[in-house]
Each structure stands twice: as C-alpha cells, then as structure tokens.
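Worksheet for the structure shown next.
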Amino acid sequence: MYEELKERVLKANLDLVKHSLVLFTWGNVSEIDREKGVFAIKPSGVPYDKLRAEDIVVLDMDGKVVDGKLRPSSDMPTHLVLFKAFPNIGGVAHTHSTYATAWAQTGKNIPCLGTTQADYFHGDVPCTADMTSSQIDGDYEIETGNVIVETFKGIEPTHVPGVLVKNHGPFTWGKNADEAVYHSVVLEEIAKMDSITLALNPAATIRPEIIEKHFMRKHGPNAYYGQK
Numbered sequence: 032m033y034e035e036l037k038e039r040v041l042k043a044n045l046d047l048v049k050h051s052l053v054l055f056t057w058g059n060v061s062e063i064d065r066e067k068g069v070f071a072i073k074p075s076g077v078p079y080d081k082l083r084a085e086d087i088v089v090l091d092m093d094g095k096v097v098d099g100k101l102r103p104s105s106d107m108p109t110h111l112v113l114f115k116a117f118p119n120i121g122g123v124a125h126t127h128s129t130y131a132t133a134w135a136q137t138g139k140n141i142p143c144l145g146t147t148q149a150d151y152f153h154g155d156v157p158c159t160a161d162m163t164s165s166q167i168d169g170d171y172e173i174e175t176g177n178v179i180v181e182t183f184k185g186i187e188p189t190h191v192p193g194v195l196v197k198n199h200g201p202f203t204w205g206k207n208a209d210e211a212v213y214h215s216v217v218l219e220e221i222a223k224m225d226s227i228t229l230a231l232n233p234a235a236t237i238r239p240e241i242i243e244k245h246f247m248r249k250h251g252p253n254a255y256y257g258q259k
C-alpha cells in the first residue's frame, strides 16, 4: 500500500550519503502523502548501508506507526510539526552537515551575500532562538519543531526552504523528499561559501535588488529561468 512512498523516502535518505551530507546515522528524510494522511521516515539508528525500503516507517498524522516494524527516527515529531504547520511542503530533510551545522552552532543566520543563495533562498537562512529549559526538558523533538515554526512567523516557508536550529543543525524542506534533500545540498554549499567569503571580507554585502531579481526570475509569477 505504501511501497512507492517508502521507495522514494529510501532513495532520498541514501542521497544524503551520496552528497556527503551525513556520517554514520546523522540524518533523516521524510515525505508526506497528504491524501492518505500519512508520512514516511527513516528508522532510528539504522546505518545507511543496511537501509532497505521495508525498513522505512510509515506513520499517521498523530505520529502512530501504520506500517513498519522498526522505531521511526527520533526526529520524527519535529518532521510532523513541520508538516502540520507548513501545508505546502511535502518533504523534510535533517542533517548535521559540517558547514551548516557550524553556522547553527554560532547561533547566526546565514546571510545572503550572493546570487547562489538568492536563487534558492529569498534572503537569509534564519537560525532559531535558544530553546528554553522547559522546552528541552519537555517534549524536546516537538518543541524543536515549534521553535522552527516560531522562527518562520512572517517568513514564507516555500521562499526560504530551510532553517538552522541553534546548536543543533539544519532542517530543509521542499515539495517532496527529493527536493528537501536538494535544498540540503544547496544549504551546505552556501554555508561553506559564506564561511569563506566572510573570512576574506567580514564586511561583504549584497544589494537587496539583486536578491530579489535572482529569486523572482526563478520562482516568481513571471519566472523565466529554465525551460517551459
């Protein structure tokens, strides 16, 4: 019943390894089927080289397993919060990729300094605030999702398809699992670019109209990038 969904989620998780975004079991990807009211995610702690489609766990929108014998990723509740809060996304990816995680550990946004970032992110990639003690001691993974949602008040998630959770790492999303991973690759690269750029010139900036031009030519109502 969920074979195609599980195959897509398997591929997306293995693509994290392909693109050198994870070590060991440091990441997970999910995808939602909104018509069926379920989503699929990597099982907790299973090495990527041993991961099979039948291992992928399918859950309902209450977070209850409906297909699969293994425990879902410990980050599953965070994914679920994002799926509920951002109705236009279809996939979520989480990694501990080196440069993006380094930025998360600084607690700083990744500033938009060039057209590479502007092509995919309509401005800075935000970093969340510190979690409170009650959030950490409570339903930690749910609260992780909540601080992301709080960070995106006033920000359109489809225009900024990623976030840094302070002291933790990046989460990205897209129309499906594959696009969520794609944005993880982009996020890691722009985090690396900014690290180098600011080392060379700590005062580097970009004109806002260049950000607007590059984002809108690719994603705006009159976009003309690529083929019809």
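Remember, this note's numbering sits 31 above the position in the sequence shown when you count from 1.
Glycine residues also receive a C-beta, built at the ideal position from the N, C-alpha and C atoms.
Given the structure is predicted, the values throughout are model-derived calculations rather than measurements.
Check, Outcome
"So Ser75 and Arg102 are supposed to be a Cβ contact under 8 Å. How far apart are they, rounded?", "5 Å"
"Per DSSP, what kind of secondary structure is Ala84 in: helix, strand or coil?", "helix"
"Within 10 angstroms of its Cβ, does Ala254 collect 16 or more other Cβ (buried), or is it exposed?", "exposed"
"To the nearest angstrom, how far is the alpha carbon of Pro252 from that of Phe246?", "11 Å"
"Can Lys73 and Asn44 be called in contact, C-beta distance under 9 Å?", "yes"
"Since Ser104 and Pro201 are thought to touch, with beta carbons under 8 Å apart, how far apart are those beta carbons, to the nearest angstrom?", "So it is not a contact: roughly 15 Å between Cβ atoms."
"For Pro74, list the residues DSSP reports as bridge partners.", "Pro103"
"DSSP three-state label for Ala235, please.", "coil"
"With DSSP collapsed to three states, give me the class of Glu66.", "coil"
"Can you tell me where the beta strand (DSSP E) with Asp98 in it begins and where it stops?", "96-98"
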